[in-house]
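Notes to accompany the following structure.
Protein chains in written order, with this note's numbering: chain A, 954 to 1263; chain D, 783 to 1183.
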């Protein structure tokens, strides 16, 4: 393998990890910390992407402003859903799952009613750069930076701020937190809103590189859950490590399966474009199989394994 | 003895008599549509069995349904040309679905993955299969004469596909030794054999499942649902029982899938899709997860509702001269009605979880039990009279009203 091929594969792995981190970040808060199996999480991505679309198409905002707006809009939706539905169902995990699935279907239906069922693209400002013989999108590097920024931001928020301490106290022991004067319903609401907002940010960040369509959340929800589940009980670091492992596998297998297709003569025109999306389903299957086998070996996830070792 | 059995016998009569009469009492179209609801009902029954009785919440019964349908289609298309029957396709579909369920179940239950994760993994399974089925559009995805066809669904190819019937997945076709010619289970003007096949399979599976729940397997499964730790501490290996029931549920779902492929003579990736997976859970929730029959009842209710909406919606066009607001309202209504299945499913899910936990079947059954005297002497004769009249009307043009 020539150096530029190695470089491009490294970039692909990085991009795959970035996407998994972005997908899992909001869910790590809602599912990893709060233990709410929120199946409407995928529709929070969709809502974020459609906020960007509506912002640039109907309100004629610049792209960066629309992207900045998306997390706040989606956090609002999340808070409304928490107040109306999820609040009534704490302590009934299965019912929460079913209700959020209903919400997910309702949101898909409502977004389709509003925007139509067509796939829409978001025009895209940044160009490509050259890696030897290959071209690579600059925006994907920006995505990695944004993902890293969000990850650090969430870590700092939960680790070092008063809000983070209260939120962690509320999740760890609601009764005790409430006895200490923390308004636990408010903390649950805000934490859920934060998770929804992070998902909205993810949708906004991913909007320029994927087709924006009402059912797009469905494509990502499974990978997001798998990443958090494999991550295990130490939520943020576990998610980061499982995203790294799964992203590595996914990118390599996608790349490998692309190679086999290429030699079979189904790749046009040479040199082949590297696609990280539609045709990468071998990578996704490998991700699922790897995750299921990993959970068979480490039932408490990657970070559960560290803990058990200590 | 008769007193205790009477509500069960009564409800069996109230359900079975109309279902038996439908092909005689209505047009073939009705029997055809009802058959597919019963197939969905069978799928829902497989979920009701593992969810209601073993507490395994699978979002991915559609994975086994779809595998059953695709394998039946792939083998059936190849087999029908040479042997004129589909025996091996039936066996193959069933084996494939149970095997997939057994493998996935092994990793889930022996990995001691808790209930919520089971839902997520089964859901991921069906979505991955969806992605896989969609991406099989190319020329390399052909088994014999069966093309996977990606989004367009499975169909046959080759020189004999000049005839449209050879494009399609064959109906269930039997050619046992001693039969003069192969027998096809179809639903049309001449024959309702396909309908009775579906009904027969549903009744058979229901009876088998009821029997299964009375055996050691069923009793341990119910124990696991109630308190897994206690069952385990009594010395039962809960994983084995969960796995066995999950595999049986997968086999039933695969059976439903095969019936579906044979019924519609077609299968496409939508059978793995999220909307279909959601509708299965909705059927069970609406009908009630505490009885086996619940999913079946839910499927027929929702099926009736959606087909009613689908019949009404296209004809609800409005006049052109209604002004901008009228046009806006008309357009909004049209779009809402078009998305109605999703919106209805979502609303039913949220509504039932918040308001009506047990679904509709248990309250209905309690009602029947309380007023069983009335039901025996009024409801049952009324049902018999109604269907008797419909049959007379349909078969001999003897109509009173």
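Beta carbons are placed, not taken as given, at the ideal position from N, Cα and C, and that holds for glycine.
Quick check: the stretch 1057-1075 of chain D against the stretch 914-923 of chain D, are there 3 or more CB pairs under 8 angstroms?
-> Between the stretch 1057-1075 of chain D and the stretch 914-923 of chain D, the count of C-beta pairs closer than 8 angstroms stays below three; the two stretches do not touch.
If you draw a straight line from the alpha carbon of residue 1154(A) to that of residue 1144(A), how long is it in whole angstroms?
-> Counting from 1 along the first chain, the entry for residue 1154(A) is found at position 201. Counting from 1 along the first chain, the entry for residue 1144(A) is found at position 191. Each residue's Cα considered, the two are about 15 angstroms apart.
Could you name the residues that DSSP lists as bridge partners for residue 955(D)?
-> If you number the second chain from 1, residue 955(D) lands on position 173. Bridge partners of residue 955(D): 966(D).
From the beta carbon of residue 1241(A), is the nearest beta carbon of chain D less than 8 angstroms away?
-> Within the first chain, the letter at position 288 stands for residue 1241(A). So, interface residue.
Can we count residue 1000(A) as close to the ligand HEM, meaning its CB is less than 7 angstroms from some heavy atom?
-> In the structure shown, the ligand HEM is absent, as is every other ligand, since no ligand is present at all.
Roughly how many angstroms lie between the CA atoms of residue 1197(A) and residue 1146(D), to the nearest whole one?
-> If you number the first chain from 1, residue 1197(A) lands on position 244. If you number the second chain from 1, residue 1146(D) lands on position 364. Distance between the alpha carbons of residue 1197(A) and residue 1146(D) is about 52 angstroms.
Might you give, ordered along the chain, the residues of its own chain that have their beta carbon closer than 8 angstroms to the beta carbon of residue 1154(D), omitting 5 neighbours on each side?
-> Position 372 of the second chain, counting from 1, holds the residue named residue 1154(D). By the criterion of a C-beta distance shorter than 8 angstroms, residue 1154(D) is surrounded in its chain by 788, 789 and 792, once the five residues flanking it on both sides are discounted.
Endpoints, the beta strand (DSSP E) within which residue 1149(A) is located | Stepping through the first chain from its first residue, residue 1149(A) is reached at position 196. Boundaries for residue 1149(A): no beta strand (DSSP E) harbours it, while the alpha helix (DSSP H) harbouring it runs 1137-1159, taken from the DSSP string.
Of all Cβ atoms in chain D, is any one closer than 8 angstroms to the Cβ of residue 1192(A)?
-> In the first chain, residue 1192(A) corresponds to position 239, counting from 1. By this cut-off, residue 1192(A) is not an interface position.
Is the stretch 1237-1255 of chain A touching the stretch 1180-1189 of chain A, taking contact as three or more C-beta pairs under 8 angstroms?
-> Contact between the stretch 1237-1255 of chain A and the stretch 1180-1189 of chain A is present, because at least three Cβ pairs lie under 8 angstroms.
Can you give me the Cβ contacts of residue 966(D) inside the same chain, cut-off strictly under 7 angstroms, excluding the 5 residues immediately before and after it?
-> Numbered from 1 along the second chain, position 184 holds the residue referred to as residue 966(D). Within the same chain, residue 966(D) has close Cβ partners 953 and 955.
Which whole-angstrom value describes the C-beta separation of residue 766(D) and residue 854(D), a residue pair presumed to lie in contact below a C-beta threshold of 8 angstroms?
-> Any property of residue 766(D) remains undetermined from this structure, which presents chain D solely from 783 to 1183.
Got a sec? Which residues, its chain only, sit under 7 angstroms from residue 1057(A) by beta carbon, not counting five neighbours each side?
-> For the purposes of this step, residue 1057(A) is identified with residue 104 of the first chain, where counting begins at 1. Within the same chain, and ignoring the five residues on either side of residue 1057(A) in sequence, the residues whose Cβ sits closer than 7 angstroms to its Cβ are 992, 993, 995 and 996.
Residue 930(D) and residue 949(D) closer than 8 angstroms at C-beta = The residue given as residue 930(D) occupies position 148 in the second chain. The residue given as residue 949(D) occupies position 167 in the second chain. No.
From the beta carbon of residue 1055(A), is the nearest beta carbon of chain D less than 8 angstroms away?
-> Against the first chain, residue 1055(A) aligns to sequence position 102. Closer than 8 angstroms to some Cβ of chain D, the Cβ of residue 1055(A) qualifies, so yes.
Taking residue 1265(A) as the query, report the chain D residues whose CB atoms sit under 8 angstroms from its CB, ordered along the chain.
-> Chain A is shown from 954 up to 1263; residue 1265(A) falls before or after that span and cannot be answered.
What did DSSP end up calling residue 1024(D) once you bin it into helix, strand or coil?
-> As a working note, residue 1024(D) is residue 242 in the second chain. Collapsing the DSSP output to three states places residue 1024(D) in a helix.
Identity of the residue in 1132(A), 1063(A) and 1166(A) nearest residue 1115(D) by Cα | Counting from 1 along the second chain, the entry for residue 1115(D) is found at position 333. Looking at the Cα atoms, 1063(A) is the closest of the given residues.
Between the Cα of residue 1175(D) and those of 1142(D), 909(D) and 805(D), spot the shortest distance and give me the residue it belongs to.
-> By 1-based counting over the second chain, the position of residue 1175(D) is 393. Taking the Cα of residue 1175(D) as reference, the smallest distance to any Cα among 1142(D), 909(D) and 805(D) is reached at 805(D).
Between residue 1123(A) and residue 1130(A), is the Cβ-Cβ spacing less than 8 angstroms?
-> Working through the first chain from its first residue, we reach residue 1123(A) at position 170. Working through the first chain from its first residue, we reach residue 1130(A) at position 177. Their beta carbons are under 8 angstroms apart, which means residue 1123(A) touches residue 1130(A) by this criterion.
Does the beta carbon of residue 1009(A) sit closer than 8 angstroms to a beta carbon anywhere in chain D?
-> To locate residue 1009(A), count along the first chain from 1; it is residue 56. No, residue 1009(A) lies away from the interface with chain D (no Cβ there is under 8 angstroms from its Cβ).
Using the C-alpha atoms, what's the distance from residue 1144(D) back to residue 1131(D)?
-> Position 349 of the second chain, counted from the first residue, corresponds to residue 1131(D). Position 362 of the second chain, counted from the first residue, corresponds to residue 1144(D). Spanning the two alpha carbons is a distance of roughly 18 angstroms.
Which of helix, strand or coil DSSP assigns to residue 950(D) | In the second chain, the residue the question calls residue 950(D) occupies position 168. DSSP places residue 950(D) in coil when its eight states are reduced to three.
Outcome for residue 828(D) when other beta-carbon atoms lying within 10 angstroms are tallied against a minimum of 16 = On the second chain, position 46 is the one that residue 828(D) refers to. So residue 828(D) ends up on the buried side.
Out of curiosity, what's the CA-to-CA distance linking residue 1219(A) and residue 894(D)?
-> One-based indexing of the first chain puts residue 1219(A) at position 266. One-based indexing of the second chain puts residue 894(D) at position 112. At residue 1219(A) the pLDDT is 43, less than 50, meaning the model places this residue with poor confidence and gives no usable figure here.
Pick from 1061(D), 1105(D), 1124(D) and 1088(D) that is closest to residue 825(D), judged by C-alpha positions = Along the second chain, one-based indexing puts residue 825(D) at 43. That would be 1061(D), whose Cα lies nearest to the Cα of residue 825(D).
Taking only beta-carbon positions, decide if residue 1139(A) is within less than 8 angstroms of chain D.
-> Your numbering for residue 1139(A) matches position 186 in the first chain. Taking Cβ atoms only, chain D never reaches closer than 8 angstroms to residue 1139(A), which makes this a no.
Mind pulling the chain D residues with CB within less than 7 angstroms of residue 1050(A)?
-> Translated into positions along the first chain, residue 1050(A) becomes position 97. Around residue 1050(A), the beta-carbon contacts reaching into chain D at under 7 angstroms are 898 and 901.
Quick one: is residue 1008(D) buried, meaning 16 or more other Cβ sit within 10 Å of its Cβ, or exposed?
-> Along the second chain, read from residue 1 onward, the residue named residue 1008(D) stands at position 226. So residue 1008(D) counts as exposed.
Residues near residue 1167(A) in its chain [Cβ-Cβ closer than 7 angstroms; skip 5 each side] | Position 214 of the first chain, counted from the start, is the residue given in the question as residue 1167(A). Correct list, in chain order: 999, 1061, 1064, 1065, 1068 and 1070.
Which full runs of the beta strand (DSSP E) of 3+ residues lie inside the stretch 1061-1104 of chain A, going along the chain?
-> Qualifying beta strand (DSSP E) stretches, in chain order: 1081-1084 and 1087-1090.
Does DSSP classify residue 990(A) as helix, strand or coil?
-> Position 37 of the first chain holds residue 990(A). The answer is coil: DSSP assigns residue 990(A) none of H, G, I, E or B.
Would you check if the distance between the CB atom of residue 879(D) and the CB atom of residue 849(D) is smaller than 8 angstroms?
-> Mapped onto the second chain, residue 879(D) falls at position 97. Mapped onto the second chain, residue 849(D) falls at position 67. In this structure, residue 879(D) places its C-beta atom within 8 angstroms of the C-beta atom of residue 849(D).
Do you know how far the Cα of residue 999(D) is from the Cα of residue 1089(A)?
-> Your numbering for residue 1089(A) matches position 136 in the first chain. Your numbering for residue 999(D) matches position 217 in the second chain. Those two C-alpha atoms are separated by around 57 angstroms.
Would you mind giving the Cβ-Cβ distance between residue 851(D) and residue 925(D), rounded to the nearest angstrom? I have them listed as a contact below 8 angstroms.
-> In the second chain, counting from the first residue as 1, residue 851(D) sits at position 69. In the second chain, counting from the first residue as 1, residue 925(D) sits at position 143. Residue 851(D) to residue 925(D), Cβ: 14 angstroms. No contact.
Touch test, the stretch 1025-1045 of chain A against the stretch 1146-1163 of chain A, Cβ-Cβ under 8 angstroms, three pairs minimum = Result yes; three or more Cβ-Cβ pairs closer than 8 angstroms.
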